[in-house]
Amino acid sequence: MDARLEGLVRKPLRVVLDPSGSIDRDARFLTIPDAVVVTTRRDPGLEAFLKERGHQFWVLPDKEDPGKVSLHDLLLKLASVGVNDVLLEAGARLNGAFLEADLVDEIVFYQAPCLLGEGLGVAAVPNPPTPGDARRWNIVDSALFGRDQRLILRR
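Here my numbering is used: position 98 in the sequence shown is 98, and no number is missing along the way.
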């Protein structure tokens with residue numbers, strides 16, 4: 001993600017979670033300085049590579065599952081550097097992990113009026129025993145943008 005209003009808005013801090021430290025060193029987002037790569041273990045070579053290019057390298061393993069990034073520690077670290085809001089653009093597993101850890105206040109869905117066939121779900125979360133047991137959200141806004149719909153949900 002890149003803000004295109006130079007000088008008018010504060011650019012977002014790009015944070016990439018890479019638990020295994022296997023990031024593609026030719027990834028396009030690494031060509032723009034000021035990204036943060038978060039992993040679960042020290043890697044002096046990767047750390048030097050990132051710092052050389054103006055990026056940060058954070059090591060935040062989960063205490064209960066060291067192969068995963070600690071989402072709680074990540075949010076605390078982000079807060080310590082002045083980040084008050086997080087826009088999570090992720091796949092089903094990471095979205096599900098944030099939801100399961102109860103770290104989501106708001107969900108913004110964009111939906112186009114088309115069907116693309118099989119695909120992954122929005123969030124990998126366990127099915128509730130019954131529909132009545134599903135976590136409920138409040139619809140706080142619904143708007144059309146051209147033919148697309150935006151839906152904002154809050155807890």
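Even glycine gets a Cβ: it sits at the ideal position worked out from N, Cα and C.
Residue from L116, L120 and D85 with nearest C-alpha to R14
D85
Whole-angstrom Cβ separation of H55 and L30, contact assumed at under 8 angstroms?
7 angstroms
Neighbourhood of N40 by C-beta distance below 8 angstroms, restricted to the same chain and skipping five residues each side:
Note that residue 40 corresponds to Thr in the displayed sequence, not to Asn. Closer than 8 angstroms at the Cβ level, and outside the excluded window around T40, lie P19, S20, G21, V59, L60, P61, D62, P66, G67, K68 and V69.
In or out: I23 buried (at least 16 other Cβ within 10 Å) or exposed?
buried
State yes or no: is the beta carbon of I23 nearer than 7 angstroms to at least one beta carbon in chain C?
In the structure shown, chain C cannot be found, because there is only a single protein chain.
Do D148 and Y110 have their CB atoms nearer than 7 angstroms?
yes
Here's the rule: buried if 16 or more other CB atoms are within 10 angstroms of the residue's CB, otherwise exposed. What is D105?
Classification for D105: exposed.
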